[in-house]
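Some notes on the structure that comes next.
In this note's numbering, the protein residues as written are 10 to 131.
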């Protein structure tokens with residue numbers, strides 16, 4: 010029973026720890042702020058620390074805490090693109106070709122938990 014509980018604790022905690030590590034790397038190691046974008050110049054190799062990274066994709070990342078910055082509007086331009094929006098629990102939404110806008114352009118209104126008042130700019 011203890012092994013099973015330890016396994017479940019690991020599985021439930023991994024997304025939070027992974028996201029916190031990426032955030033720490035972007036903020037502390039690279040000195041980037043919320044909404045700055047980290048962009049790899051080359052494909053990943055065996056030295057990369059991305060958990061599920063592959064060597065056929067150029068990666069970029071931005072990390073922001075909705076508790077710090079408040080609601081965010083993410084605008085996707087018209088045209089071919091692909092992306093992913095993750096939260097700390099790895100619940101995802103596709104963007105661009107992968108998302109509901111299907112590369113036709115769109116706005117995503119991202120709010121912190123408990124937020125109830127939506128402004129008129131969406």
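Virtual Cβ for every residue (Gly too), placed ideally from N, Cα, C. The structure presented is a predicted model; accordingly, all values stated were derived computationally and were not measured.
Does the separation of the CB atoms of residue i and residue j fall below 9 Å?
{"i": "residue 122", "j": "residue 83", "result": "no"}
{"i": "residue 86", "j": "residue 106", "result": "no"}
{"i": "residue 16", "j": "residue 99", "result": "no"}
{"i": "residue 92", "j": "residue 103", "result": "yes"}
{"i": "residue 46", "j": "residue 70", "result": "yes"}
{"i": "residue 66", "j": "residue 52", "result": "yes"}
{"i": "residue 32", "j": "residue 81", "result": "no"}
Measure the alpha-carbon distance for residue i versus residue j and round it to whole angstroms.
{"i": "residue 111", "j": "residue 11", "result": "46 Å"}
{"i": "residue 39", "j": "residue 117", "result": "27 Å"}
{"i": "residue 132", "j": "residue 43", "result": "Residue 132 falls outside the range modelled here, since the chain spans only 10 to 131, and no answer is possible."}
Opposite residue i in the DSSP bridges: which residues?
{"i": "residue 117", "result": "83"}
{"i": "residue 48", "result": "69"}
Mind checking residue i: buried by the 16 CB within 10 Å criterion, or exposed?
{"i": "residue 48", "result": "exposed"}
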